[in-house]
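Take the position in the sequence shown, starting the count at 1, then add 644; the result is the number in our numbering. The next block holds one structure in the form of structure tokens; read it before the comments.
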Amino acid sequence: MDRRQNPARHRRAGRCGKGRLTELLKTSHTQTQTQTTRHNKMAHENDNKDSSKTPPPVVEHFSYEGAEPGETLVIFGAVHGNERCGPEALLRLKEELDSGARSLEAGKLIIVPVANPGAYAANTRFLERNLNRSFYPKPPQERKAYEDHLDDQLCALLDEADYLLDIHSYTAGGAPFVFMGCRDSAEKEFAQALGVEHFVWDWSNAFYDSRVEAKAAQGTTEYLRGRGGRGVTLECGQHEDPANAEVAYTAALRAMAHLGLIAPEAAPAAPENKTPHYAKMVTAILNTPMTAARPFRHFEAVQKGDLLAQSPDGKETVTAKADGFIILPNPNAVAGAEILYLAVAEEPFPSPQKTPRKTPQHGRSGN
Ligand SMILES: [Zn+2]
């Protein structure tokens, strides 16, 4: 869809905890884009002089178009290389599309089964940098880690996207859930269409508040939102759970049906009678060094004032600033990475409340 035809894309994100991160990131995108163009030119000139240079890694992607115009959906798998459900689901989808067993009616689908090929080959989260942090195109002189060579290829695909479904799995055991932003109700409806019950939102502002640099709090979905699109991260379940790939595959079809790329009946219907649960991220605790006060479970309830984490000497402590839930506890977090998050029960863009029926007003005169 031509984004100029869709005024909703230009609306300011409302109801976020804060708007400043979005604004900061918008500014940095503009600057980075200009720099990238200039430095790419320089890189090509340098490449001509040094033909012995190792070629940068190439991210494979596959595009499909329907006969009718419509939304452009990008689906990523294996942004983290040890999260195998995305590639499995997307290669299955690719096979169906290539064989003609499935076809698009409208819009455009771009699938990237393996967003981080080096980490995928090594079956590890990342090789040198978490690809889902500090995610923006980097000029050649800034490309130091392996993953720095992947950002610009993935960002170029997102630059033509209206929606992103980024497929992941996680360390702690638990049900599938979605990370969403606070962009607008259309992003929320997209998240709800995937057929899961749990929604966690406003990650980037919580992460930003943990004193990291603004750009570090930017992953794939934040990048797309900064460009005017909508994106969600689907956490399909624990890394080793054999059900993950089916969760991912089904969600991909539901995402396509929701956006009109395929007919509604071509995707499995979302389960009925599920009550959505929304959790707003409020605190990210990083290993600075800090350790969790005790072994927490994912979505475990905590109360305001509960001790969540402490430094090794016990001098620094973090307590829950409100009643809420622990999200993604990771006792093995490396230095600087997140050991856990705190979220509170709060719905973004809540559905309008039903207007209470008016009580009849009886005037003196009666009727
Ligand atoms: Zn992941």
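All C-beta atoms, glycine included, are put in the ideal place defined by N, C-alpha and C. On a predicted model such as this, the values are computed, not experimentally measured, just so you know.
Next on the checklist: Report the start-end ranges of each alpha helix (DSSP H) in the segment 822 to 880 that is 4 residues or longer and not cut off at the edges.
Outcome noted: Within the segment 822 to 880, the runs of alpha helix (DSSP H) that reach at least 4 residues and sit entirely inside it are, in chain order, 829 to 836, 847 to 852 and 864 to 870.
Leaving out the 5 sequence neighbours to the left and right, which residues in its chain are closer than 8 Å to lysine 693 when beta-carbon positions are compared? Caution applies to lysine 693, whose pLDDT of 39 falls short of 50 and renders its modelled position unreliable; the value that the coordinates give is listed next. Taken in chain order, the list of residues that qualify is empty.
Item to check | Alpha carbon of asparagine 888 to alpha carbon of glycine 818, nearest angstrom | outcome: Rounded to the nearest angstrom, the gap between the Cα atoms of asparagine 888 and glycine 818 is 11 Å.
Contiguous beta strand (DSSP E) assignments of at least 3 residues, all confined to the segment 960 to 993:
For the segment 960 to 993, the full-length beta strand (DSSP E) segments reaching 3 residues or more read 961 to 963, 968 to 971 and 982 to 989 along the chain.
Which residues in the same chain have their Cβ closer than 7 Å to the Cβ of alanine 766, if we skip the five residues on either side of it in sequence?
The residues are Gly725.
Where proline 939 falls: helix, strand or coil (DSSP): Of the three classes helix, strand and coil, the one that applies to proline 939 here is coil, per DSSP.
Worksheet entry | Cβ-heavy atom distance, asparagine 776 to ligand 1, below 8 Å | At least one heavy atom of ligand 1 is nearer than 8 Å to the Cβ of asparagine 776, so yes.
How about valine 891 and methionine 824: do their beta carbons lie closer than 9 Å? No Cβ-Cβ contact shorter than 9 Å links valine 891 with methionine 824.
Enumerate in chain order the residues of its own chain whose CB-to-CB distance from arginine 898 is below 6 Å, with the five nearest sequence positions on each side excluded.
Excluding positions up to five away in sequence, the list reads Ala837, Leu838, Gly839 and Ala911.
Given this structure, state the Cα-to-Cα distance separating alanine 763 from tyrosine 814, to the nearest angstrom. Taking the straight line from one Cα to the other gives about 16 Å.
| said: So the candidates are Val702, Ile970 and His793; which of them puts its Cα closest to the Cα of leucine 951? | reply: Of the candidates Val702, Ile970 and His793, the one whose C-alpha sits nearest the C-alpha of leucine 951 is Ile970.
Requested in this report: Under 8 Å Cβ to Cβ from glycine 980, same chain only, skipping five residues before and after it: list those, please.
Outcome: So the qualifying residues of the chain are Leu930, Asn931 and Thr932.
#### Entry: Reduced DSSP secondary structure (H/G/I, E/B, other) of lysine 738
Here lysine 738 carries a helix assignment [DSSP, helix/strand/coil].
With 16 other CB atoms within 10 Å as the buried threshold, where does glutamine 785 fall? With fewer than 16 Cβ atoms within 10 Å of its Cβ, glutamine 785 is classed as exposed.
Is it buried or exposed, valine 718, if we count other Cβ atoms within 10 angstroms and call 16 or more buried? Buried, by the Cβ-count rule.
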